[in-house]
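In the numbering used here, the protein residues as written are 112 to 405. Even glycine gets a Cβ: it sits at the ideal position worked out from N, Cα and C. Here the structure is a predicted model, which is why all the values come from computation and not from measurement.
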Ligand code: PXG
């Protein structure tokens with residue numbers, strides 16, 4: 112348990128870090144959040160996460176009563192107050208308390224809170240041997256209904272797909288969009304590896320397939336470019352997953368994790384492939400004492 116939570120400018124014990132039952136974050140899932148990681152006292156890509164937070168807030172007409180610089184400092188303050196150099200940071204902005212009814216503009220004070228805690232999403236052996244996933248029957252939110260670009264407090268769409276995964280005995284589910292194309296997993300972005308004339312390339316869904324623009328995803332794309340790998344954004348079907356040479360997922364909590372089975376079908380030769388392993392190594396090399404905070 113963290114010792115202190117940052118909430119609207121104050122560091123308080125968890126029992127005192129409370130929101131109202133009238134908070135529209137609770138009543139309607141009206142709010143936005145970020146999940147961020149700290150490594151060796153450095154907060155990985157903190158400014159990129161904060162920019163996405165402000166973009167998500169703008170997309171739902173929520174004004175965050177702090178600046179990016181203030182939340183940057185508040186995040187470090189929270190880590191320090193909990194003596195944490197490594198861990199997981201959950202930064203949430205709720206619409207705040209207001210009268211019953213959907214109207215968000217009667218909520219006068221958004222609540223911003225920052226939790227510094229630990230997270231371990233997948234067992235270590237899955238990073239060595241690869242993980243199995245399923246494709247969910249629950250479709251990703253239609254972008255015209257609730258854009259998957261918004262990291263909102265309403266995760267029911269993803270939770271329903273996650274339940275399908277757990278029911279099927281695996282930990283993650285691939286979500287397709289309303290057109291039947293691959294979008295992303297419930298909390299991770301999807302990459303495949305495929306060779307063209309003997310040259311391996313990364314092949315992945317475009318953002319318009321209904322994808323959250325992952326911070327880890329963009330980091331891995333940059334690493335791939337540094338390694339001279341081509342990155343192709345194109346619509347993928349289940350067929351493209353089943354016949355890929357390699358597959359892996361990226362996310363703040365998951366980092367980079369190989370996938371070796373989809374719907375019970377073996378991907379590639381059933382072990383984490385060479386491109387996946389090379390990108391995992393390159394990603395880990397970024398997480399040292401000089402981990403980027405920009
Ligand atoms: N897609 C979705 C729907 C996500 O929620 C990602 C992709 C990966 O994005 P990043 O920026 O993290 O590379 C996410 C992120 C959790 C947890 O508590 C989930 C995420 C991040 C951190 C923690 O399960 N999802």
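- Residue 338 and residue 315 have their alpha carbons spaced roughly 17 Å apart.
- Going by C-alpha positions, residue 140 is about 42 Å away from residue 306.
- Restricting attention to 157, 118, 300, 304, the CA atom closest to the CA of residue 317 is found in 300.
- For residue 331 against residue 361, the beta-carbon gap comes to about 5 Å, under 8 Å, which counts as contact.
- Secondary structure of residue 341 (DSSP, three-state): strand.
- Per DSSP, residue 230 has no beta-bridge partner at all.
- For the ligand PXG, a non-hydrogen atom lies closer than 7 Å to the CB of residue 364.
- Restricted to the region 134–180, the alpha helix (DSSP H) segments that are unbroken, complete and at least 4 residues in length are 135–139, 157–170, listed in chain order.
- Between the region 115–132 and the region 173–190, the count of C-beta pairs closer than 8 Å reaches three or more; the two stretches touch.
- For residue 229, the closest alpha carbon among the candidates 124, 274, 320, 147 is that of 147.
- Here the distance from the Cβ of residue 140 to the nearest heavy atom of the ligand PXG is not below 7 Å.
- At the C-beta level, residue 241 and residue 370 come within 8 Å of one another.
- Taking a cut-off of 8 Å for Cβ pairs, the region 202–218 and the region 160–172 touch, as three or more such pairs fall below it.
- With fewer than 16 neighbouring CB atoms inside 10 Å of its own CB, residue 345 falls in the exposed class.
- For residue 328, the Cβ falls inside the 7 Å cut-off from some heavy atom of the ligand PXG.
- Secondary structure at residue 236: helix, using DSSP grouped into helix, strand and coil.
- At least one heavy atom of the ligand PXG is found less than 7 Å from the C-beta of residue 299.
- In this structure, the C-beta of residue 232 approaches the ligand PXG to less than 7 Å from one of its heavy atoms.
- Looking at 365, 379, 197, the one whose alpha-carbon comes closest to that of residue 236 is 365.
- Taken through DSSP and simplified to helix, strand or coil, residue 269 comes out as helix.
- Bounds of the alpha helix (DSSP H) holding residue 387 are 385–396.
- Here the region 237–257 makes no contact with the region 188–198; the two share fewer than three CB pairs at distances below 8 Å.
- Within the same chain, Cβ atoms closer than 7 Å to the Cβ of residue 281 are found at 243, 244, 245, the five residues on either side in sequence being excluded.
- Between residue 295 and residue 176, the alpha-carbon positions lie close to 31 Å from each other.
- Residue 334 sits buried, since 16 or more C-beta atoms from the chains shown fall within 10 Å of its C-beta.
- Within the region 195–229, the complete beta strand (DSSP E) segments of 3 residues or longer fall at 198–205, 222–228, listed in chain order.
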